[in-house]
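A quick write-up on the structure given underneath.
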Amino acid sequence: MSDFSIKKTEEEWRNQLTDEEYRILRQKGTERPHTGKYNLHFEEGTYKCAGCNQQLFESSSKFDAHCGWPSFDESIKGTVKYVLDKTHGMVRTEIVCSNCGGHLGHVFNDGPTETGTRYCVNSISVKFDKPNG
Numbered sequence: 523m524s525d526f527s528i529k530k531t532e533e534e535w536r537n538q539l540t541d542e543e544y545r546i547l548r549q550k551g552t553e554r555p556h557t558g559k560y561n562l563h564f565e566e567g568t569y570k571c572a573g574c575n576q577q578l579f580e581s582s583s584k585f586d587a588h589c590g591w592p593s594f595d596e597s598i599k600g601t602v603k604y605v606l607d608k609t610h611g612m613v614r615t616e617i618v619c620s621n622c623g624g625h626l627g628h629v630f631n632d633g634p635t636e637t638g639t640r641y642c643v644n645s646i647s648v649k650f651d652k653p654n655g
């Protein structure tokens, strides 16, 4: 995946990210369900990539899917890339930041809102930005 605007070596990523951020964003890890700080977080603002600060999701698209991870019914247009994931004996669609390629989670077609989509995101892969009020 070298077709991203931000290109860093693994050493540069390791120096920039915490061990857990590196495991999730760069090694496609997953945080344990119900442990992420944004799972039940519903303040107004924007969720950005923890790797490069690109805006990914607006708080208005967030909902409680009762799955243990933050869930959104849409991303900000053009900010997420979709990658076929056949790991762990499943066929899923991985979501990555379109700017740096950081692993965010997966997207499913079982969402309860009008979009029918559920972006299941690791809290560690995003940072929350409150609007300047």
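All residue numbers for the sequence shown refer to the working numbering, where the first residue is 523 and numbers rise by one.
Note that CB positions come from ideal geometry on N, CA and C, so glycine has one too.
Please read all numbers here as calculations on a predicted model, not as lab measurements.
By the C-beta criterion, the region 563–576 is judged to be in contact with the region 534–554, since at least 3 inter-stretch pairs fall below 8 Å.
Counting C-beta atoms within 10 angstroms of its own C-beta, N537 has fewer than 16 neighbours from the protein chains shown and is therefore classed as exposed.
DSSP places Y544 inside the alpha helix (DSSP H), whose first and last residues are 541–547. E566 and P653 have their alpha carbons spaced roughly 7 Å apart. The alpha helix (DSSP H) runs lying completely inside the region 539–595 and spanning 4 residues or more are 541–547, given in chain order. By the Cβ test, the region 641–652 is not in contact with the region 604–615, since fewer than three Cβ pairs between them sit closer than 8 Å. Under DSSP, L606 takes part in a beta bridge, and its partners are T615.
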